[in-house]
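FYI, the numbering for the sequence shown is 3 to 427, going by the numbering used here.
Quick reminder that beta carbons are idealized off the backbone N, C-alpha and C, glycines included.
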Amino acid sequence: MLDIRLIRTDPDLVRENIRKKFQFDKLVLVDEVVALDKRAREVKAEADDLRGRRNAASREIGGLLLKGLKDEAEAKKLEVSDIGARIDALKAEEDELGRKVRDRMLVIPNIIDPSVPIGKNDGENVEVERFGEPFVPDFEIPYHVDIMEKLNGVDLDSARATSGNGFYYLKGDVARLHSAILSYARDFMIDRGFTYYIPPFMIRGEVVTGVMSFAEMDNMMYKIEGEDLYLIGTSEHSMIGKFIGSLMERSALPQTLTSYSPCFRKEVGAHGIEERGVYRVHQFEKQEMVVICEPEDSPAWFERMWKYTVEFFRSIDIPVRTLECCSGDLADLKVKSVDVEAWSPRQKKYSEAGSCSNLGDAQARRLGIRVRGEKDNYHPHTLNNTVVAPPRMLIAFLENNLEADGSVRIPGPLRMYMGGKERIR
3 MLDIRLIRTD
13 PDLVRENIRK
23 KFQFDKLVLV
33 DEVVALDKRA
43 REVKAEADDL
53 RGRRNAASRE
63 IGGLLLKGLK
73 DEAEAKKLEV
83 SDIGARIDAL
93 KAEEDELGRK
103 VRDRMLVIPN
113 IIDPSVPIGK
123 NDGENVEVER
133 FGEPFVPDFE
143 IPYHVDIMEK
153 LNGVDLDSAR
163 ATSGNGFYYL
173 KGDVARLHSA
183 ILSYARDFMI
193 DRGFTYYIPP
203 FMIRGEVVTG
213 VMSFAEMDNM
223 MYKIEGEDLY
233 LIGTSEHSMI
243 GKFIGSLMER
253 SALPQTLTSY
263 SPCFRKEVGA
273 HGIEERGVYR
283 VHQFEKQEMV
293 VICEPEDSPA
303 WFERMWKYTV
313 EFFRSIDIPV
323 RTLECCSGDL
333 ADLKVKSVDV
343 EAWSPRQKKY
353 SEAGSCSNLG
363 DAQARRLGIR
373 VRGEKDNYHP
383 HTLNNTVVAP
393 PRMLIAFLEN
403 NLEADGSVRI
413 PGPLRMYMGG
423 KERIR
């Protein structure tokens, strides 16, 4: 959510940012906010003036009574009562105007970073850099489910019977490999100074609207029927929500957190949910990193965070590339975002494995997270990034470490989590 002062002082900047995101239907919101905010300030000024008049009249009543002017005092009491009724009406109008302003402000997108490429959708994202040499072996790489089934590591049919499409059972060494990757990711981030968390897997509605846009919420979140609780789509939701309404000391920044959780997503409008496979599913597990920092430090943290993910993937022999998300592909709260894509030797292309985002002060502003300043309190910046998210990363791992005989090589960093195994068969 933007600072209302920005819309007051530079509405043209806000409109131009909306155009850059190709959300032309939202341009009218800027004019509506300007008009509503103007009226809200007028109402507040009138109410403040009336409060002053009421206080003065109340003081007069005492003086009139002391002088024995009872009729005049009663008239003044009626005047105070009328003023009070008007103040109550103005307060109700001010509250309603404030609600309308906030509702529109929650939909107006955040100001994107000047470095973000302008484009309508993810087809116009820009490749930045490649890490590791993409390799295609001289033998055919099967579909990832076929690899898993040959290793007796997946059961999709049973999951379809118990839960429907978009779910899966992992078992045996494949399930163990899945857990090994997450355990390695946990320790990888702890070794880089991040504090490990396992957060709540359900959050309240006010946290949901604080951490994401309404469009994301509708497309992603599962709501618990009859309760003000939602299943999280990523642990970032719980981790940022942890600080709701807090006033932090500057000495407490940066907060560097890494969290594990299952993730639940409706995947509304997703393509391929009916396909046989585990690339796009309703339930998966993820290791996340979250940073809350001083505003001026967020660009440096953004660079550091996506590089951690690249380092992680390269440590287990998976080539990756980074992709700069264009303006039209950025969610409304994001200032800047980079996707990390893993190489698929079967498809001979890269596929998304994680995303790093700088959200500026949008989440902090929505959730009321502040930092105590020397003169005024201010909102910190929040960032999040995927360390690793099986099963997508598991697919890339199996393809990139598959041997000609159908076995899967286990890189050195994972072996301690696999009981010392160097390969699975």
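Cβ-Cβ separation between G212 and M223: approximately 13 Å, too far for a contact (criterion under 8 Å).
The C-beta of G121 has 16 or more other C-beta atoms within 10 Å across all chains shown, which makes the residue buried.
Annotated as distal: H383 and S248, with beta-carbon spacing of 8 Å or more. If only uninterrupted alpha helix (DSSP H) runs of at least 4 residues are considered, those enclosed by the stretch 147-192 are 158-164 and 174-192. Comparing alpha-carbon positions, the option among D90, V109, E76 and T11 lying closest to L335 turns out to be V109. DSSP places H239 in the uninterrupted alpha helix (DSSP H) bounded by S237 to G243. In this structure, the straight-line span from the alpha carbon of I318 to that of P347 is close to 15 Å.
For R132, no alpha helix (DSSP H) encloses it; the enclosing beta strand (DSSP E) starts and ends at V128 to F133. For A344, there is no enclosing alpha helix (DSSP H); the enclosing beta strand (DSSP E) has its first and last residue at K338 to S346. Inclusion of V118 and K338 in the CB contact set at 8 Å is warranted, their separation being smaller than that value. The DSSP-derived three-state label of M204 is strand. Remark: C-beta atoms of I205 and Y232 approach each other more closely than 8 Å.
The three-state reading of DSSP puts N402 in helix, counting H, G and I together.
Two segments are said to touch when three or more pairs of C-beta atoms, one from each, lie closer than 8 Å; by this definition the stretch 36-49 touches the stretch 89-105.
Within 10 angstroms of the beta-carbon of L332 lie 16 or more other beta-carbons, which makes it buried. Its chain contains no residue whose beta carbon lies nearer than 7 Å to that of D105 once the 5 sequence neighbours on both sides are disregarded.
Beta-bridge analysis with DSSP links F196 to no other residue. By the CB criterion at 8 Å, P321 and F133 fall inside the cutoff.
Taking C-beta separations shorter than 6 Å and ignoring five residues to either side along the sequence, the partners of A182 in its chain run L416, Y419 and M420, following chain order. Each residue's CA atom was taken as its position, placing A161 and V283 some 12 Å apart.
In this structure, Y281 keeps its C-beta atom at 8 Å or more from the C-beta atom of R194. Contact between the stretch 360-378 and the stretch 243-262 is present: three or more C-beta pairs spanning the two stretches fall below 8 Å.
By a beta-carbon distance limit of 8 Å, L385 does not contact F245. Their separation comes to about 13 Å. Between the C-alpha atoms of N360 and A398 there is a straight-line separation of about 26 Å. E238 sits buried, since 16 or more C-beta atoms from the chains shown fall within 10 Å of its C-beta. In this structure, the alpha-carbon of T164 lies about 21 Å from that of D148. Taken in chain order, the unbroken stretches of alpha helix (DSSP H) that lie wholly in the stretch 276-335 and span 4 residues or more are 300-317. Around the beta-carbon of I114, 16 or more other beta-carbon atoms lie within 10 Å, marking it buried. In this structure the stretch 73-88 touches the stretch 52-64; the number of beta carbon pairs closer than 8 Å is three or more.
Cβ neighbours of R178 within its own chain (closer than 7 Å, five residues either side excluded): M420. Taking C-beta atoms as the reference points, E326 and V312 fail to come closer than 8 Å. Counting only residues of its own chain and dropping the five nearest sequence neighbours on each side, S409 has a CB closer than 6 Å to the CB of R425 and R427. Judged by beta-carbon spacing, M291 lies beyond the 8 Å limit of N167, meaning their Cβ atoms are not closer than that value. In the DSSP assignment, the residues bridged to F266 are Q285.
Shown here for E34: same chain residues with a beta carbon closer than 7 Å to its own, the five before and five after excluded, namely R106 in chain order. About 45 Å separates the Cβ atoms of V30 and K350, ruling out a contact at the 8 Å cut-off.
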